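Colleague: Residues in the sequence shown are numbered from 15 upward in steps of one, following our numbering.
We put the beta carbon where it would ideally sit given N, CA and C, even for glycine.
Quick caveat, the model's predicted, so the values are computed rather than measured.
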Amino acid sequence: MNHESVPGIHPTVDTACWNENNGDPVHTEQDTSFNENIQTTPVWNENMFFGQVCASCTHEMQNVLAIIRESSGLLEDLFNFAGPQDWPHQEKFNRSLQVIQNQVNRGVELIKRLNRFAHAPDLKWIKTDAWMHAELMVFMCLRFAEIKKVVLELEPRSKTDEAGHHLYTDPLQLQMLYYLGIRACLDTMDEGGHLTLSLEGRDEQLITYFTVKPGSSEIPNLGTSLKGVSEWPIFMKILQQMKSRVDFDPVQNAILLYLKFPNKESVQDTVAESS
């Protein structure tokens, strides 16, 4: 059998079909160009796939909300200029339009935060503002706090504090730490409690405080309570991957999360070791 040479395609022998062809080997064509292309393909993983698809959808949702906002505003303007002045449902109509505007504003805020979250896997190691990631995760966890009837908040920062909140890290892992830390603390709390996150840059470390104030006068041992919640082992595993540590402050009833301030070179070394 004659086979023409095709770039990237190399003939192979299918021995399973040998006898079926009267002893004449059957050649099948195997595409090796695909494997060659893999070596030049940029780094890609499931997180990046999810993030990029999610980010694309959030942009479309922003367009949808913008159209709803403009349309409801147009309805209001048209009715104010040309609608009947004595219409008995005027107040109900205006109230409904205001509800639409309020929900659009709420949706815009949610989509904006979701878009920020979706872009977290874009870069593996960058210098980033940890306070902004904490603020995002606090926002994302507000629903869980409301379900438990607990107040969840991030302590505001001053302009002078901002420089101490920047560090080289993996943004997605940092967000996972904050998310799991918040969820773990919430699982130990009862109705009426208060969970506050605060950040402090000190001695080449970034310390994040998860301070729990219970609704009752009795203050449980946070260190003991956390060991019984499902999020805590995952939190500790990520903490080990980031070569960081956590302490408990029994006086403030707080978790102290310590993140180092590595320079860019040492971060790249860490990435090489973990890959």
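Among the candidates Phe249, Leu273, Leu166, Cys68, whose CA atom is the shortest distance from the CA of lysine 257?
Modeller: Taking the first residue of the sequence shown as 1, we reach residue 257 at position 243. The candidate whose alpha carbon is nearest that of lysine 257 is Leu273.
Colleague: Within the same chain, show all residues whose beta-carbon is closer than 7 Å to that of leucine 240, passing over the 5 residues directly before and after it, in chain order.
Modeller: Position 226 of the sequence shown, counted from the first residue, corresponds to residue 240. Excluding sequence neighbours, leucine 240 sits near Ala198, Thr202, Trp246.
Colleague: Where does the unbroken alpha helix (DSSP H) through glutamine 104 begin, and where does it stop?
Modeller: As a position in the sequence shown, residue 104 is number 90, starting the count at 1. Run containing glutamine 104: 104 to 132, per the alpha helix (DSSP H) assignment.
Colleague: Under the assumption that serine 86 contacts glutamine 115 (Cβ atoms under 8 Å), give the Cβ distance between them as a whole number of angstroms.
Modeller: Translated into positions along the sequence shown, residue 86 becomes position 72. Translated into positions along the sequence shown, residue 115 becomes position 101. The pair is a contact, with the Cβ atoms about 6 Å apart (cut-off 8 Å).
Colleague: Assuming aspartate 201 is part of the alpha helix (DSSP H), what are its boundary residues?
Modeller: In the sequence shown, the residue the question calls residue 201 occupies position 187. Taken as a continuous stretch (DSSP letters only), the alpha helix (DSSP H) holding aspartate 201 covers 185 to 201.
Colleague: Give me the Cβ distance between phenylalanine 200 and phenylalanine 131, rounded to the nearest whole Å; I'm assuming they're in contact under 8 Å.
Modeller: Start at 1 with the first residue of the sequence shown, and residue 200 comes out as number 186. Start at 1 with the first residue of the sequence shown, and residue 131 comes out as number 117. Residue 200 is actually leucine in this sequence, not phenylalanine. At roughly 19 Å, the Cβ-Cβ gap does not stay under 8 Å, so leucine 200 and phenylalanine 131 are not in contact.
Colleague: Leaving aside the five residues before and after asparagine 328 along the sequence, list all residues of the same chain whose C-beta is less than 7 Å from its C-beta, in chain order.
Modeller: Because residue 328 is not part of the residues shown, which for the chain are 15 to 289, the question remains open.
Colleague: Inspect the beta-carbon positions of tyrosine 223 and aspartate 263 and report whether they are closer than 9 Å.
Modeller: Mapped onto the sequence shown, residue 223 falls at position 209. Mapped onto the sequence shown, residue 263 falls at position 249. Closer than 9 Å, so yes.
Colleague: Only counting the same chain, and skipping five residues up and downstream in sequence, which positions put a Cβ closer than 6 Å to that of threonine 208?
Modeller: Taking the sequence shown and counting its residues from 1, the one referred to as residue 208 is at position 194. Per the sequence shown, residue 208 should be read as histidine rather than threonine. Correct list, in chain order: Val165, Lys227.
Colleague: Measure from the alpha carbon of glutamate 205 to the alpha carbon of each residue in Met190, Glu232, Val243, Leu181, then state which is nearest.
Modeller: Your numbering for residue 205 matches position 191 in the sequence shown. Minimum Cα distance to glutamate 205 is reached at Glu232.
Colleague: Where does glutamine 112 land, buried or exposed, given buried means 16+ other C-beta within 10 angstroms?
Modeller: Position 98 of the sequence shown, counted from the first residue, corresponds to residue 112. Label assigned to glutamine 112: exposed.
Colleague: Roughly how many whole angstroms lie between the Cα atoms of valine 152 and lysine 162?
Modeller: Position 138 of the sequence shown, counted from the first residue, corresponds to residue 152. Position 148 of the sequence shown, counted from the first residue, corresponds to residue 162. When rounded, the distance between both Cα atoms is 15 Å.
Colleague: Whole-angstrom Cβ separation of lysine 141 and tyrosine 182, contact assumed at under 8 Å?
Modeller: Counting from one through the sequence shown, the residue named residue 141 turns up at place 127. Counting from one through the sequence shown, the residue named residue 182 turns up at place 168. 5 Å between Cβ atoms; contact.
Colleague: Do you know how far the Cα of alanine 148 is from the Cα of leucine 137?
Modeller: For this step, residue 137 is matched to residue 123 along the sequence shown. For this step, residue 148 is matched to residue 134 along the sequence shown. Each residue's alpha carbon lies about 18 Å from the other.
Colleague: Verify whether the separation of the beta carbon atoms of leucine 211 and isoleucine 196 is less than 9 Å.
Modeller: Counted from its first residue, the sequence shown places residue 211 at position 197. Counted from its first residue, the sequence shown places residue 196 at position 182. Their beta carbons are under 9 Å apart, which means leucine 211 touches isoleucine 196 by this criterion.
Colleague: Identify, in the order they occur along the chain, each residue of the same chain with its Cβ nearer than 7 Å to the Cβ of glutamate 169, setting aside the five sequence neighbours on each side.
Modeller: The residue labelled residue 169 in the question sits at position 155 within the sequence shown. So the qualifying residues of the chain are Thr210, Leu211, Ser212.
Colleague: Out of curiosity, what's the CA-to-CA distance linking asparagine 119 and arginine 109?
Modeller: Start at 1 with the first residue of the sequence shown, and residue 119 comes out as number 105. Start at 1 with the first residue of the sequence shown, and residue 109 comes out as number 95. Between asparagine 119 and arginine 109, the C-alpha separation is close to 15 Å.
Colleague: Between the Cα of tryptophan 139 and the Cα atoms of Leu236, Asn59, Asp184, which residue gives the shortest distance?
Modeller: On the sequence shown, residue 139 is found 125 positions in, with the first residue counted as 1. Restricting attention to Leu236, Asn59, Asp184, the CA atom closest to the CA of tryptophan 139 is found in Asp184.
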